[in-house]
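Read the structure below first, then the notes.
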Amino acid sequence: MAASTSVVPGAGSAAFAPLSAQRLLVIGGIALIAGGMLFGDIFAVFVLHQNGGQTAQALLAATEAVRGGDALAVKDIFASIGGLLEDRGTKVDAHVHMTDAGYLALLLALIQPFVALPRKRKKLLAGWFVSGGLLLPVGIFLIHYVGLAYSPFAVIGWASVLADSAGAVLIIVLLVEVYGLWRYFRAGPVEPESALVSLDRCWESRTLQSGGTILILLGFMYGAWYASADLYQHEGRETSVLKAMLDGATSSAGGSTMAVADYGALAAERAVKIAAHSHIIEFGLLAILLSFVQPYVYLSERWTRRWVMVLLAGSVILPVFVLLELRLGLLAGGIADVGGLMVIVALVGMLAGIVRFGGRWDGVKGLPS
Amino acid sequence: MNLSQKILIFGGLCLAALGMLYGLHYAVFVEHQTLDSMGGSLAQGFVQAAQRDLPGAEASIDKYAAVKYDYVRQVDVHSHWIGLAMIMIVLGAAFRWVGFSEQLRTWIAVGFALGSFLFPLGVVLQTASQIAGFGRGLAILGSGLVIIALTAVAWGFSRQPVENI
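These protein sequence lines are chains A and B, in that order. Residue 9 is where the first sequence starts when you use our numbering, and the numbers rise one by one after that. Residue -9 is where the second sequence starts when you use our numbering, and the numbers rise one by one after that.
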């Protein structure tokens, strides 16, 4: 067993008391992150490329309709492109929001000892937060399928109402937590609670903190470079490619097919660069967050270290090979998906250790609940 | 909890709430109309081209580009404020292990918090044409502060903590 978990859970582990807000937020948070990432991986493998191909086909059909002077067909094709973009956009948003809600849940777990509210209220808030974090992406996912069916509103469907309501719940919980923090800084805790952050820093925690900070730094620097070197150039290129598409479709010289291909290449270039930037930062954040719960991963030292290394390796492989998709194509895409799967497997492994720790703690008689 | 941790954690929570409120306001009152306008302009450009109205088609494409320019930055503000807020809170929890004096850690925390607020603010100000240049400068300043602070934190994590924790 790892040094911190080789014995009966000690005083510091009171943070993991049965049904405590911290335990609910840690387990719910990791489950949301793993669920969001699994959804993202499935989306990348089964939807993303197919959706891109269908959009390119539809754009090509639109230029053909322009060439034939068929304005009605153009409108129909653009309605179908709108549907394809909404299909893609809502799935990306569902993935991002579920993962981010998980991050926020882990963050809230960390600050619970500094939130001066009664324990029962903190549990209630934690339950609301995890429920909101689940319902928000579910609502976003359903937007494409539910549309405006039975909606009394002109542009907002019931799925949007569900997503916006869940988002409002998250905001309300966050504001109450801020209020609790403010009370703590003014008058101290209402009911003293053990901190989740252990004073000891084990090898696993050190590795995840250092590795995570370096990942965030690399991702932020890459983002700054992208914003200065590529963002404006991409925006300008998109406008000129669209104009070239229409020029090609309305002149005898042609060239619209090439312009559609250029448009697809530009969209792919933009997507992989942004994905690499956001994923490396998110994995860095995840690594630091997970560093705090390492003392609660009730597995052998060999396995806790193995999951740490698998997580960090996957966190590097995914963004690097997403970027290499521009050069190596689907091979790199496949390797990136494996990287994502490594992170998911490591997360589930750590989650299993944390659930075991909770079970061990609950089984110890005479300890406070 | 020392001052540098308070700055990062409390500031991060406020920034996350600000980013969420901004996102909620944008999603409810602006986003649907913006997406309609963006998709509508692009489709209109193609329809006008089919009707051989090329000047009109070019104007519609330009309108699409302008709306998209705004949209991308509005969404970026929402996501970057929340993302940076989360990094602030996480680092705040681990800040005692940054191996510098508390005074230096406080300066790093202030720099990180300031950069995290200013960088997305600068991005959204770029959508106002009259102060777009100022916005870009603010975004560069903010991102510079974040990069310097993150470099310092990464360096600090590799050092032994100054005080006995």
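For glycine and all other residues, C-beta sits at the position ideal for the given N, C-alpha and C.
Nonlocal neighbours in the same chain, by C-beta distance under 6 angstroms from residue i, ignoring five residues either side
| i | result |
| --- | --- |
| I224 of chain A | I289, G292 |
| G125 of chain B | G112, L115, Q116 |
| G18 of chain A | The pLDDT assigned to G18 of chain A is 45, lower than 50, so where the model puts this residue is not dependable, and the model offers no usable value. |
| G105 of chain B | G132, L135, V136 |
| T13 of chain A | For T13 of chain A, the predicted structure reports a pLDDT of 40, less than 50, and the residue's modelled location is therefore unreliable. The matter cannot be settled from this model. |
| L(-7) of chain B | T96 |
| I109 of chain A | As written in the sequence, residue 109 of chain A is Ala, which differs from the Ile given in the question. Cβ within range, chain order: L40, G141. |
| A10 of chain A | Residue placement at A10 of chain A is poorly supported in this model, since its pLDDT is 41, which falls under 50; the coordinates are not used for a value here. |
Best match in the options for proximity to residue i [C-alpha to C-alpha]
| i | options | result |
| --- | --- | --- |
| G134 of chain B | A:R368, A:A235, A:V363, A:L338 | A:A235 |
| A75 of chain B | B:I121, B:S(-6), B:G1, B:Q38 | B:G1 |
| M45 of chain A | A:H103, A:L331, A:F365 | A:H103 |
| Y16 of chain B | B:L(-7), B:Y61, B:Q120 | B:Y61 |
| M(-9) of chain B | B:Q150, B:L32, B:T96, B:T141 | B:T96 |
| T215 of chain A | A:T312, A:V146, A:F365, A:V138 | A:T312 |
| Q(-5) of chain B | B:P110, B:G101, B:Q150, B:A122 | B:G101 |
| G175 of chain A | A:D101, A:L118, A:C210, A:T63 | A:D101 |
| L355 of chain A | A:L182, A:T107, A:K131, A:M229 | A:T107 |
| L68 of chain A | A:L226, A:G272, A:E243 | A:G272 |
| A196 of chain B | B:A6, B:F85, B:A144 | Nothing can be reported for residue 196 of chain B, as the shown portion of chain B is limited to -9 through 155. |
| S308 of chain A | A:S28, A:E212, A:G262 | A:E212 |
| V305 of chain A | A:A134, A:L239, A:E199, A:I35 | A:I35 |
| P121 of chain A | A:L274, A:R335, A:F51, A:E185 | A:E185 |
| W233 of chain A | A:E199, A:G244, A:E243, A:K281 | A:K281 |
| S381 of chain A | B:Y12, B:S50, B:R42, B:L81 | Given a span of 9 to 377 for chain A in the structure shown, any question on residue 381 of chain A remains unanswerable. |
| L81 of chain B | A:G220, A:R127, A:S264, A:V301 | A:G220 |
| L115 of chain A | A:G43, A:V82, A:Q30 | A:Q30 |
| V65 of chain B | B:F107, B:G13, B:V18 | B:G13 |
| Q302 of chain A | A:G231, A:G337, A:R209, A:I343 | A:R209 |
| E243 of chain A | B:K58, B:A118, B:Q93, B:V18 | B:K58 |
| A283 of chain A | A:F161, A:P327, A:A269 | A:P327 |
Neighbourhood of residue i by C-beta, 7 angstroms cutoff - its chain only, sequence neighbours within 5 removed
| i | result |
| --- | --- |
| A267 of chain A | V249, A252, M253, G256 |
| V177 of chain A | W136, G140 |
| A39 of chain B | A47 |
| I138 of chain B | G101 |
| V72 of chain B | According to the sequence shown, residue 72 of chain B is Ile rather than Val. These residues qualify, in order along the chain: A6, G9, M10. |
| A66 of chain A | I85, S88, I89, L92 |
| Q217 of chain A | I296, S299 |
| G341 of chain A | E333 |
| V82 of chain A | A70, A73, V74 |
| A142 of chain B | I98 |
Own chain, CB closer than 8 angstroms to residue i, minus 5 neighbours either side, in chain order
| i | result |
| --- | --- |
| S148 of chain B | G89 |
| E48 of chain B | G35 |
| Y54 of chain B | M28, S31, L32, G35 |
| T258 of chain A | V74, R75 |
| A360 of chain A | L307 |
| Q62 of chain A | L92 |
Supposed contact pair residue j and residue i - C-beta distance, whole angstroms, cut 8 angstroms
| i | j | result |
| --- | --- | --- |
| L142 of chain A | L40 of chain A | 7 angstroms |
| A85 of chain A | A73 of chain A | Strictly speaking, residue 85 of chain A in this sequence is Ile, with Ala absent from that position. Contact flag correct, Cβ pair sits at about 6 angstroms. |
| V351 of chain A | L331 of chain A | Not really, about 17 angstroms apart at Cβ, beyond 8 angstroms. |
| G366 of chain A | W315 of chain A | That pair is no contact at about 17 angstroms. |
| E298 of chain A | A83 of chain B | This sequence places Leu at residue 298 of chain A; Glu is not what is there. Not quite, the Cβ-Cβ distance comes to about 12 angstroms (not below 8 angstroms), so this is no contact. |
| G347 of chain A | I362 of chain A | Going by Cβ atoms, the distance from G347 of chain A to I362 of chain A rounds to 23 angstroms, so no, they are not a contact pair. |
| I79 of chain B | I(-1) of chain B | 5 angstroms |
| A1 of chain A | G196 of chain A | This structure cannot settle anything about residue 1 of chain A, because the visible part of chain A is limited to 9 through 377. |
| L294 of chain A | Y111 of chain A | 7 angstroms |
| L33 of chain A | A134 of chain A | 5 angstroms |
| H285 of chain A | G322 of chain A | Actually they do not touch by this definition, with Cβ atoms about 17 angstroms apart. |
| L3 of chain B | L182 of chain A | 7 angstroms |
| K131 of chain A | L27 of chain A | 6 angstroms |
| V146 of chain A | A113 of chain A | At roughly 16 angstroms, the Cβ-Cβ gap does not stay under 8 angstroms, so V146 of chain A and A113 of chain A are not in contact. |
| I151 of chain A | A144 of chain B | In fact, because the Cβ distance is near 39 angstroms, the residues do not count as touching under 8 angstroms. |
| D49 of chain A | D345 of chain A | 6 angstroms |
Residue i: CB within 7 angstroms of a non-hydrogen atom of the ligand ADP
| i | result |
| --- | --- |
| E290 of chain A | This structure lacks the ligand ADP, and indeed carries no ligand of any kind. |
Proximal residues, the segment 109 to 143 of chain B versus chain A, C-beta separation under 7 angstroms = S133, V136, I137, L140, T141, V143
Taking a Cβ distance cut-off of 9 angstroms, strictly less, list which residues of the segment 47 to 64 of chain B are near chain A, in chain order.
-> A47, E48, I51, D52, Y54, A55, K58, Y59, V62
Any contact of the segment 94 to 112 of chain A with the segment 53 to 70 of chain A, i.e. 3+ C-beta pairs under 8 angstroms?
-> yes
Pair every Cβ in the segment 25 to 41 of chain B with every Cβ in the segment 114 to 131 of chain B, then say whether three or more of these pairs are closer than 8 angstroms.
-> no
For the segment 136 to 147 of chain A, enumerate the residues whose C-beta is nearer than 9 angstroms to any C-beta of chain B, in chain order.
-> none
How about the segment 156 to 171 of chain A and the segment 189 to 198 of chain A: do they share at least three Cβ pairs that are nearer than 8 angstroms?
-> no
Residues in the segment 274 to 303 of chain A with C-beta within 9 angstroms of chain B's C-beta atoms, listed in sequence order?
-> S286, I289, E290, G292, L293, I296, L297, S299, F300
Below 9 angstroms between beta carbons is the criterion; list the residues of the segment 223 to 244 of chain A that meet it against any residue of chain B, in chain order.
-> I224, L225, F228, M229, G231, A232, A235, S236, L239, E243, G244
Along the segment -2 to 18 of chain B, what residues have a CB closer than 9 angstroms to any CB found in chain A?
-> I(-1), F0, G2, L3, C4, A6, A7, M10, L11, G13, L14, A17, V18
Contacting positions in the segment 71 to 89 of chain A - beta carbon closer than 7 angstroms to chain B | A73, V74, G77, D78, A79, V82, K83, F86
Chain-ordered residues of the segment 26 to 41 of chain B with a beta carbon less than 8 angstroms from chain A = D26, G29, L32, A33, G35, F36, V37, A39, A40, Q41
Residues within the segment 73 to 90 of chain B neighbouring chain A, beta-carbon criterion of under 8 angstroms | G73, M76, I77, I79, V80, L81, A83, A84, W87
The segment 252 to 267 of chain A: which residues have C-beta closer than 9 angstroms to a C-beta of chain B, in chain order?
-> M253, L254, D255, A257, T258
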